[in-house]
């Protein structure tokens, strides 16, 4: 196994930043989805959903802000992970960062969808050309598009996590068992996400919460480890063993 030394304070600082931003990102997106947004959505009833949104417009707009903060947190996280993992393999670290960047950009689409829903439910004069029930349905479709944004971005999130977990395994910066779990859970997420996009009824066989939950558990444990434990010290004899290996032609 490849072992990378930790001789740069920026890596240790980046580990703390990655740990905090990873945990913060999970907290903000869970709060936005399940505490703020979900109570406003009435399944199968666009009219009631529209009334809830307009009656709690501030709550809906705070959800938009939370989604923006989540996207920013993901950008901070991917930057910190790149700083940590670049010495292991710069190309793969960059690929992981770019995959995660695509995922963050798709979350920004969700904020645009939600702002579009608010516009459709507004009182602008030109909207009076449409019947209220049609506008309510269109607004509901805009919000429902968040589901598509997420599952279009999920393969990129899974690929980013898979690449990073592989680099964690090579680096020996975190416990090997945790890194192996990360590789398996992230690859599983990628597989499920692609199958679901091709066969939309796949979630009847495997519940869609099981697509990304194992990977989410890995990401949270990793974030906790980086924030409170830091990068695992590399034993001097391990480093010497790596540099003592003869070059192969």
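Residue numbers (the numbering used here): 2 to 250.
Here a beta-carbon is modelled for each residue, glycine too, at the ideal position from N, C-alpha and C.
Cβ neighbours of residue 82 in the same chain (closer than 8 angstroms, five flanking residues each side left out): Residue numbering aside, residue 82 sits at position 81 when the chain shown is read from its first letter. Taken in chain order, the residues that qualify are 15, 19, 94, 97, 98, 101 and 165.
Of all the options 21, 58, 48 and 91, which has the alpha carbon lying nearest to the alpha carbon of residue 38? As a position in the chain shown, residue 38 is number 37, starting the count at 1. With distances taken between Cα atoms, residue 38 lies closest to 58.
Which listed residue (147, 62, 24 and 124) has its alpha carbon closest to that of residue 109: One-based indexing of the chain shown puts residue 109 at position 108. If we check each option's Cα against that of residue 109, 147 comes out closest.
Please classify residue 136: does DSSP put it in a helix, a strand, or coil? One-based indexing of the chain shown puts residue 136 at position 135. The answer is helix: DSSP assigns residue 136 an H, G or I state.
Relative to the C-alpha of residue 31, which residue among 157, 51, 137 and 70 is closest? Position 30 of the chain shown, counted from the first residue, corresponds to residue 31. Closest by alpha carbon: 70.
Could you please give the first and the last residue of the uninterrupted alpha helix (DSSP H) stretch that includes residue 217? Taking the chain shown and counting its residues from 1, one reaches residue 217 at position 216. Looking at the DSSP string, the run of the alpha helix (DSSP H) that includes residue 217 is 210-229.
Alpha-carbon to alpha-carbon, residue 145 and residue 225: Looking up residue 225 in the chain shown gives position 224. Looking up residue 145 in the chain shown gives position 144. Spanning the two alpha carbons is a distance of roughly 32 angstroms.
Could you check whether residue 119 and residue 61 sit closer than 8 angstroms to each other, using their CB atoms as the reference points? In the chain shown, the residue the question calls residue 61 occupies position 60. In the chain shown, the residue the question calls residue 119 occupies position 118. Yes, the Cβ-Cβ distance between residue 61 and residue 119 is below 8 angstroms.
Please classify residue 250: does DSSP put it in a helix, a strand, or coil? Looking up residue 250 in the chain shown gives position 249. For residue 250, the predicted structure reports a pLDDT of 37, less than 50, and the residue's modelled location is therefore unreliable. A value from the coordinates is still provided. Coil at residue 250, not helix or strand.
Please classify residue 241 as buried or exposed, where buried requires at least 16 neighbouring CB atoms within 10 angstroms. Along the chain shown, one-based indexing puts residue 241 at 240. Note that residue 241 scores 42 on pLDDT, short of 50, meaning its location in the model is unreliable; the coordinates nonetheless yield the value given after this. The residue in question, residue 241, is exposed, as its Cβ has fewer than 16 Cβ neighbours within 10 Å.
For residue 26, which residues in the same chain have their Cβ closer than 7 angstroms to its Cβ, ignoring the five residues on either side in sequence? Within the chain shown, the letter at position 25 stands for residue 26. Within the same chain, residue 26 has close Cβ partners 71, 74, 75 and 78.
Use the C-beta contact count for residue 132: other C-beta atoms within 10 angstroms, 16 or more gives buried, fewer gives exposed. Mapped onto the chain shown, residue 132 falls at position 131. When all chains shown are included, residue 132 counts as exposed.
Any idea if residue 107 is buried or exposed, counting beta-carbon neighbours within 10 angstroms, 16 or more meaning buried? For the purposes of this step, residue 107 is taken as the residue at position 106 of the chain shown. Residue 107 comes out buried.
Do the stretch 154-165 and the stretch 182-195 make contact, defined as three or more Cβ pairs closer than 8 angstroms? yes
Count the other C-beta atoms from every protein chain shown that fall within 10 angstroms of the C-beta of residue 84, then say buried if there are 16 or more, exposed otherwise. In the chain shown, the residue the question calls residue 84 occupies position 83. With 16 or more other Cβ atoms within 10 Å, it is buried.
Tell me the DSSP secondary structure of residue 123 in three-state form. For the purposes of this step, residue 123 is taken as the residue at position 122 of the chain shown. DSSP places residue 123 in coil when its eight states are reduced to three.
Simplified DSSP assignment, three categories, for residue 201: Stepping through the chain shown from its first residue, residue 201 is reached at position 200. Note: residue 201 maps to helix in three-state DSSP.
Can you tell me which of the three DSSP states residue 232 falls into? As a working mapping, residue 232 is identified with position 231 in the chain shown. The answer is coil: DSSP assigns residue 232 none of H, G, I, E or B.
Residue 156 (DSSP reduced to helix, strand or coil): Position 155 of the chain shown, counted from the start, is the residue given in the question as residue 156. Reduced to three states, the DSSP call for residue 156 is helix.
Own chain partners of residue 22 with C-beta closer than 7 angstroms, once the 5 adjacent residues on each side are dropped: Taking the chain shown and counting its residues from 1, one reaches residue 22 at position 21. Only 74, 77, 78 and 81 meet the Cβ criterion.
How many angstroms separate the CA atom of residue 211 from the CA atom of residue 11? Counted from its first residue, the chain shown places residue 211 at position 210. Counted from its first residue, the chain shown places residue 11 at position 10. Whole-angstrom Cα-Cα distance: 35 angstroms.
Please look up how many angstroms separate the CB atoms of residue 1 and residue 221, rounded, as I've assumed it's under 8 angstroms. Because residue 1 is not part of the residues shown, which for the chain are 2 to 250, the question remains open.
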